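Since the structure comes first, as structure tokens, the remarks are kept for the end.
Residue numbers (our numbering), protein chains in the order written: chain F, 1 to 116; chain Y, 117 to 231.
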């Protein structure tokens with residue numbers, strides 16, 4: 001059982017290049033999320049998809065777009081990368097899992113993205 | 117607005133010491149969930165506990181225990197008899213009650229346990 005799989009694990013881009021980060025989960029979860037983690041800042045939500053067919057902005061959505069391709073897959077796109085987007089990106093998924101309320105999120109291993 | 121504050125940026129202890137990681141939260145919701153996650157040096161995020169606002173009972177799991185006090189908006193995490201393997205960044209997080217609600221994370225506390 002792979003859980004949440006993110007690709008690629010590492011990437012270096014030049015300023016202005018575009019890139020799509022891929023995320024897939026095999027737990028039949030309804031909800032998926034994209035976070036970025038920067039030193040001293042914790043994890044900040046970029047976008048999330050509470051259910052297939054819906055997406056919503058999080059705390060730091062500028063410069064990003066997302067696509068909930070199907071129930072399993074949720075991609076994050078940088079249209080024109082900027083050095084400020086250098087970060088570690090985490091994808092997560094949750095629920096319903098048979099329990100009540102908001103279920104714990106399961107995280108992928110992260111994508112380390114450097115933009116020069 | 118919702119907010120989670122982890123005032124301790126870094127903590128260093130020697131093996132076998134007890135250590136408490138503080139978490140204070142702000143929310144206007146009357147019902148909510150609180151979480152703790154661990155991020156070891158390898159970088160993955162590991163779920164530790166979920167607590168709903170209805171349940172103020174303390175919880176113990178092995179060497180880990182959690183003290184939830186709604187009156188002070190705190191959800192503190194204690195590791196008893198710390199071990200080197202406990203060295204990690206620990207995150208406290210807050211969410212609404214509804215399924216699919218995103219988490220609001222604190223900035224994390226880096227715990228270093230030396231032998």
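Built from N, CA and C at the ideal position, the CB exists for glycine as well.
Quantities reported herein were computed from a predicted structural model and do not represent experimental measurements.
In chain order, 16 and 18 place their CB closer than 7 angstroms to the CB of residue 80 (chain F), counting only its own chain and leaving out the 5 sequence neighbours on each side.
Unbroken beta strand (DSSP E) stretches of 3 residues or longer found wholly inside the segment 30–54 of chain F: 31–38 and 42–49, given in chain order.
Listed along chain Y are 216, each with a C-beta nearer than 7 angstroms to that of residue 50 (chain F). One finds nothing in chain F with a Cβ atom closer than 9 angstroms to the Cβ of residue 137 (chain Y); even the nearest lies about 14 angstroms away. Just measuring C-alpha positions, the residue of F:50, F:54, F:46 and F:90 sitting nearest residue 60 (chain F) is F:46. If you compare the alpha carbons of F:42, F:26 and F:25 with that of residue 87 (chain F), the shortest gap goes to F:42.
Approximately 6 angstroms separates the beta-carbon atoms of residue 130 (chain Y) and residue 230 (chain Y); this is inside 8 angstroms, confirming the contact. Excluding the 5 residues flanking it on each side, residue 33 (chain F) has same chain C-beta neighbours closer than 6 angstroms at 48 and 92, in chain order. Looking at the DSSP output, residue 114 (chain F) shares a beta bridge with F:12. Counted as a single uninterrupted DSSP element, the beta strand (DSSP E) harbouring residue 24 (chain F) occupies residues 19–25.
Listed by position along chain F, the residues whose Cβ is nearer than 7 angstroms to that of residue 119 (chain Y) form an empty set, because the closest Cβ is around 11 angstroms away. Neighbours of residue 223 (chain Y) in chain F, taken as residues whose beta carbon is under 7 angstroms from its own, are 40, 41 and 42 in chain order.
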